[in-house]
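Mapping the sequence shown onto the UniProt record's numbering, position 44 (from 1) lands on 44, and the numbers just tick up by one.
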Amino acid sequence: MTDNVPADPNRQIRYWRAGEGIPGVVWTGVVLYLLCAVGLIVSALFMWAAEPPTSEDVDRQKTIDAVASALRWIGGVEMIGAGVLCLCVPGLLRGRARHRTLAMAVTGVVVLVALGSWLIGVGGPAQPVLALLLALAALAVYRPAVKTFYGQKTGDDR
1 MTDNVPADPN RQIRYWRAGE GIPGVVWTGV VLYLLCAVGL IVSALFMWAA
51 EPPTSEDVDR QKTIDAVASA LRWIGGVEMI GAGVLCLCVP GLLRGRARHR
101 TLAMAVTGVV VLVALGSWLI GVGGPAQPVL ALLLALAALA VYRPAVKTFY
151 GQKTGDDR
């Protein structure tokens with residue numbers, strides 16, 4: 001290896017250059033973000049629309065009410081997260097680094113909420129799928145090859 005360039009051509013990074021348009025990996029990330037936003041909205045609507053059952057047993061009814069309340073909170077967080085991700089999409093396509101950072105922060109929160117709700121048994125089986133797709137979208141817009149698209153310096157220009 002010479003000049004910090006890997007000998008293997010598959011490991012070389014081809015950075016985006018001005019005039020090349022929007023990188024394909026950014027388009028992939030944006031499409032995944034939009035698909036996840038739709039999934040999060042649908043999931044949140046199901047959580048909000050769920051009618052909790054009633055029970056004669058007071059303790060069981062308290063548990064049912066707690067789960068119903070948790071579903072509404074989780075649905076609210078997912079709805080807000082989906083809205084913010086949708087608002088970040090134009091900035092992601094224009095190469096704005098702040099929108100990318102905001103999308104990553106929202107992705108982290110929504111992934112933790114989705115996986116947490118699934119782990120405690122409140123969320124459905126779609127939650128880990130949405131978390132995985134959100135993680136893939138975040139990885140797509142944070143690839144090293146698109147650093148220059150978002151105005152960051154490469155390791156070579158520092």
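From the three backbone atoms N, C-alpha and C, an ideal C-beta is built for every residue, glycine too.
- Our two residues, Ala97 and Ala82, have alpha carbons roughly 19 Å apart in a direct line.
- The C-beta distance from Leu34 to Val89 rounds to 6 Å, short enough to meet the 8 Å contact threshold.
- Distances from the alpha-carbon of Ala140 to those of Glu20, Glu78 and Val31 put Val31 closest.
- If you draw a straight line from the Cα of Gln61 to the Cα of Pro52, it is about 9 Å long.
- Rounded to whole angstroms, the separation of the alpha carbons of Leu136 and Ala66 is 32 Å.
- Residue environment: Ile120 is assigned as exposed (fewer than 16 neighbouring CB atoms within 10 Å of its CB, all protein chains considered).
- When the beta-carbon positions are compared, Leu115 and Ala103 stay at least 8 Å from each other.
- For Arg60, the enclosing alpha helix (DSSP H) begins and ends at Val58 to Arg94.
- Glu78 is a Cβ neighbour of Leu40, given a cutoff of 8 Å.
- Going by beta carbons, Ile74 and Gly123 fall inside the 8 Å limit.
- Assigned with DSSP and collapsed to three states, Tyr150 falls in helix.
- Annotation: Val146 to His99 spans about 14 Å, alpha carbon to alpha carbon.
- A residue is called buried once 16 or more other Cβ atoms fall within 10 Å of its Cβ, and Phe46, having fewer, is exposed.
- If you ignore the 5 residues before and after Ile64, its C-beta comes within less than 8 Å of the C-beta of Pro52, Pro53, Thr54 and Ser55, all in its own chain and listed in chain order.
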